[in-house]
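Novice:
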Amino acid sequence: MTVPTLGTFSGRKLVTDLQSFGLQIGMETGGISRKGGAGPSDHKTITIAGQTVMVPVYTSGARQSPFQASPPDQNGASTLERDGQTLGTIHFPAAPRFYGLTTADGIPYWKIALLHGRDTLATTVHQTCIRYADRRTSCQFCAIGQSLEADRTIAYKTPAQLAEVAKAAVELDGVRDMVLTTGTPNVVDRGAAVLAESARAIRVAVDLPLQVQCEPPRDHGWFQRLRDAGADSLGMHLEAATQAVREKIMPGKATVSVERYMDAFASAVPIFGRGQVNTYILAGLGDSAEDILMLAERLIALGVYPFVVPFVPISGTPLENHAPPSADFMKSVLAPLGRMLREANMKSTDIRAGCGRCGACSSLSAYEQ
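Here it is in structure tokens:
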């Protein structure tokens, strides 16, 4: 039997469904995956309908998913089925070549930075957070400590280490941008200082567009310092759209209110440029579609790109059994949001670096078209 390619299917709908339901893989397939950690976790990278995306595979929901992938062949090709019906061929990309290298002091490069999506390098500079150890203040979806406990990363990546890995990733694997995020180390600069130091070292070593991500620092002068250090774009992530949901899901982070974020966005956009400041919004935490779209309208008016992704429950967190949003809910958000971005001429393809440019954790970019 000839397995069809997915070019004849609606790639946008299929990606939205896969990211909501997850994917049963039945075995460890190798390639690129994320378990635990500070960013998109419990995912595996696949290429589907010409798009490289991250799909949940290690969650409890994924084990019940109607989507199943066969063991990949030597080229990474796998047959995708839904409820036993063959849909077509997907691919599990091979691990990047820089993963095979180690630093002079014996640390594998993949413990310092990981490939996200097709060509975005990402790292958590400080793999710790002042709120994580206390569940009264921690974000209930966060697993920043899990990868450290499992020895899949190191607690602090030095500027020299980051520069070395970034240079290798560009030269060996064609990486096109890099994301530097951090656990919040203090309530003053909120990580901006360590991000500036890291960005400066990387830009000396390699010409690579960078996004830095942190909570809004008290001193908005840090935005210019980050730009001067070499950051091309900035991420300040609200996570949820309304203050009520933020206080319930992330009690510590919610002390920096939505309105304080809006003030910070207004200060940052003139420095980084319209569309080069973004915020990550997790759909499915309790906000309605209307809540998310109302916030998105305010953000777009300020020049901030609202990167909306489906919430994925991570094993070992207080929200591990929280249901992800349905595919229909995601479409009810992404379709009008895509129109809003298109009408504002603010598209992911214009973002110089970061999550919005990568786009692997959401099908939002397909709705912009």
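First residue of the sequence shown? That's 1 in the UniProt record's numbering, and the numbers climb one at a time after it. All residues carry an ideal CB built from backbone N, CA and C; glycine is no exception. Quick caveat, the model's predicted, so the values are computed rather than measured.
So, at 6 Å on beta carbons, what are the nonlocal neighbours of residue 98 in its own chain, with the 5 sequence-adjacent residues on each side left out?
Specialist: Around residue 98: 109, 168, 169, 172 and 173.
Novice: Taking a contact to mean a Cβ-Cβ separation below 9 Å, would you say residue 202 touches residue 159 in this structure?
Specialist: In contact: residue 202 and residue 159 (Cβ atoms closer than 9 Å).
Novice: Can you tell me which residues form a DSSP beta bridge with residue 257?
Specialist: Residue 257 is not bridged to any residue.
Novice: What does a CB cutoff of less than 7 Å around residue 256 pick up in its chain, not counting 5 residues either side in sequence?
Specialist: Closer than 7 Å at the Cβ level, and outside the excluded window around residue 256, lie 215 and 216.
Novice: Taking a contact to mean a Cβ-Cβ separation below 9 Å, would you say residue 266 touches residue 302 in this structure?
Specialist: A contact, by the Cβ cut-off of 9 Å.
Novice: Skipping 5 residues on each side, what residues in its chain have a beta carbon closer than 7 Å to that of residue 155?
Specialist: Taken in chain order, the residues that qualify are 127, 128 and 148.
Novice: Would you call the segment 260-274 and the segment 284-294 in contact, with 3 or more CB pairs under 8 Å?
Specialist: Touching, no.
Novice: What ranges does the beta strand (DSSP E) occupy inside the segment 226-277, keeping only unbroken runs of at least 3 residues that lie completely in it?
Specialist: 233-235, all fully within the segment 226-277.
Novice: Check for me: the alpha helix (DSSP H) holding residue 299 runs from which residue to which?
Specialist: Residues 289-302.
Novice: Rounded C-beta distance between residue 55 and residue 22? I'm assuming under 8 Å.
Specialist: Confirmed, about 7 Å.
Novice: Using the C-alpha atoms, what's the distance from residue 236 back to residue 183?
Specialist: Answer to the nearest angstrom: the Cα atoms are 12 Å apart.
Novice: Evaluate residue 349 with the Cβ neighbour count: other Cβ atoms within 10 Å of its Cβ, from every protein chain shown; 16 or more gives buried, anything less gives exposed.
Specialist: By the neighbour-count rule (16 or more Cβ atoms within 10 Å), residue 349 is not buried but exposed.
Novice: Quick one: residues in its chain with C-beta nearer than 7 Å to the C-beta of residue 157, no 5 flanking neighbours on either side, listed in chain order?
Specialist: Around residue 157: 112, 123 and 125.
Novice: Determine the contact status of residue 191 and residue 361, defining contact as a CB-CB distance below 9 Å.
Specialist: Going by C-beta atoms, residue 191 is not nearer than 9 Å to residue 361.
Novice: Flag this pair as yes or no: are the beta carbons of residue 331 and residue 13 separated by less than 9 Å?
Specialist: The answer is yes: Cβ separation under 9 Å.
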